[in-house]
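Novice: Using our numbering, you'd call the opening residue of the sequence shown number 2 and step up by one each time. The beta-carbon is built from N, C-alpha and C at its ideal position, and this holds for glycine as well. Computed from a predicted structure; not experimentally measured.
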Amino acid sequence: MLNRLLKKKIISVFNNIEYGEIHVTFPDHTSHLFKGSQPGIAAELSLKEWSVITHLFLKGDVGFAEDYREGHWTSTDLTTLLQLSIQNKKAISPCYHANKIIVICFNVVRFFNRNTWRYFKCIIFDWSMFDYPRFKNYS
């Protein structure tokens, strides 16, 4: 269900491009061709994982770059893809910067999932430091 929502969101963004065309292949092996009303360059984007779309909306272009580094998406020509995104910056602006409301919700959920008192104590009171010889009592 989440995958369908992510796919619908990214399709709505790419439907707004004005220049050129982009061929997107999703992790479920479906593909869509999005064409702008004005002529321009053609780019290709192949998503290997759904997390790419999540990171794109949570972290913006930085998250997209991190996912490229991790190998979660590919393109036959990265330069063409970047040129197309610059030409259509207005249309895909929701992807350039992280959505503040989504980031706040994500951080609240992450806070309650990871930052429990037990987790907090492990970080603040790291008892492993007492295993070093300089802290041992040799008397």
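1) Distance check for residue 57 and residue 64, CA to CA, integer angstroms please.
2) On the DSSP bridge assignment, give the partners of residue 85 in chain order.
3) Using a Cβ cut-off of 8 Å (strictly closer), state whether residue 75 contacts chain C.
4) Is the separation between the beta-carbon of residue 48 and that of residue 23 shorter than 8 Å?
5) Could you name each continuous beta strand (DSSP E) segment of 3 residues or more that falls completely within the segment 32-89, going from the start of the chain to the end?
6) What separation, rounded to the nearest whole angstrom, lies between the Cα atoms of residue 52 and residue 8?
7) Leaving out five residues before and five after residue 130 in sequence, what residues of the same chain have Cβ atoms less than 6 Å from its Cβ?
8) If distances are taken between C-alpha atoms only, which option among 86, 73, 12, 82 comes closest to residue 50?
9) Looking only at its chain, what residues have a beta carbon closer than 7 Å to the beta carbon of residue 39, apart from the 5 residues adjacent to it on each side?
10) Would you give the residue range spanned by the beta strand (DSSP E) that residue 23 belongs to?
11) Closest to residue 155 by CA distance: which of 26, 91, 87, 90 is it?
Specialist: Per the coordinate set shown:
1) Translated into the one-based positions of the sequence shown, residue 64 becomes position 63. Translated into the one-based positions of the sequence shown, residue 57 becomes position 56. Near 6 Å, if we compare the C-alpha coordinates of residue 57 and residue 64.
2) Counting from 1 along the sequence shown, the entry for residue 85 is found at position 84. The partner list for residue 85 (beta bridge, DSSP) is empty, contrary to what the question assumes.
3) No chain C is part of this structure, which consists of one protein chain only.
4) As a position in the sequence shown, residue 48 is number 47, starting the count at 1. As a position in the sequence shown, residue 23 is number 22, starting the count at 1. Going by C-beta atoms, residue 48 is not nearer than 8 Å to residue 23.
5) 32-36, 39-48
6) The sequence position of residue 52 within the sequence shown is 51, counting from 1. The sequence position of residue 8 within the sequence shown is 7, counting from 1. Straight-line Cα distance between these residues: approximately 11 Å.
7) Here the question's residue 130 lines up with position 129 in the sequence shown. Any reading at residue 130 must be qualified, since the residue scores a pLDDT of 48, below 50, and its modelled position is unreliable; the value itself is stated next. There are no such residues.
8) On the sequence shown, position 49 is the one that residue 50 refers to. Minimum Cα distance to residue 50 is reached at 73.
9) Here residue 39 is taken as the residue at index 38 of the sequence shown, counted from 1. 19, 20, listed in sequence order.
10) As a working note, residue 23 is residue 22 in the sequence shown. It spans 20-26 - the beta strand (DSSP E) in which residue 23 sits, taken as one unbroken run.
11) Not covered by the structure: residue 155. The range shown for the chain is 2 to 140.
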